[in-house]
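Below: the structure, in structure tokens.
Residue numbers (our numbering): 241 to 427.
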């Protein structure tokens with residue numbers, strides 16, 4: 241009986257410590273605060289038009305997506321729904337200019353999509369950050385791709401500005417493994 245009491249006491253002590261830690265986590269005030277009234281998104285001008293485009297992955301015999309035609313007006317919200325592997329992400333990657341249609345094409349505001357452009361953005365299903373770089377350094381890497389004439393100091397200032405726009409100025413020096421999934425998406 242005394243041995244059982246010792247085991248029970250050990251479990252009770254562990255549970256009490258875990259409960260105390262749980263309440264500390266629940267009571268923790270995060271450093272990052274949500275914006276009470278977010279800015280309204282900028283209105284998109286023009287139209288996104290899919291003109292009978294198809295795509296076949298290199299080496300594949302069957303088309304991943306076939307003969308898609310669709311016009312999306314500025315400000316219109318559209319959702320692509322379908323089973324896993326039906327081509328939703330393929331359609332979006334072509335619209336972003338990450339892949340090129342094998343037939344047909346996509347036009348944004350009168351210009352054919354022939355590659356990535358600064359007129360559109362995408363949030364990938366999984367974050368694509370370099371794990372050995374901080375959040376700021378990951379953003380600086382992207383900033384350097386479009387602002388290669390800027391000094392290191394100017395690129396750092398731009399990276400800090402962009403992190404501030406998405407509420408991540410307090411974690412600029414954190415590495416991807418130290419960020420939540422939502423934070424990694426915003427970087």
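For every residue, glycine included, the Cβ atom is placed at its ideal position computed from N, Cα and C. Everything numeric in this text was worked out from a predicted model, so none of it was measured.
Counting only residues of its own chain and dropping the five nearest sequence neighbours on each side, residue 310 has a CB closer than 7 Å to the CB of 290.
By the neighbour-count criterion, in which a residue is buried when 16 or more other Cβ atoms sit within 10 angstroms of its Cβ, residue 297 is exposed. DSSP places residue 247 in the helix class (H, G or I) of the three-state scheme. DSSP lists 289 as the bridge partner or partners of residue 311. For residue 333, the three-state secondary structure derived from DSSP is helix. Going by beta carbons, residue 408 and residue 368 fall outside the 8 Å limit. Residue 386 and residue 306 have their C-alpha atoms some 33 Å from each other. Contact between the stretch 396 to 415 and the stretch 346 to 359 is not established, with fewer than three Cβ pairs separated by less than 8 Å. It is roughly 23 Å from the alpha-carbon of residue 354 to the alpha-carbon of residue 326.
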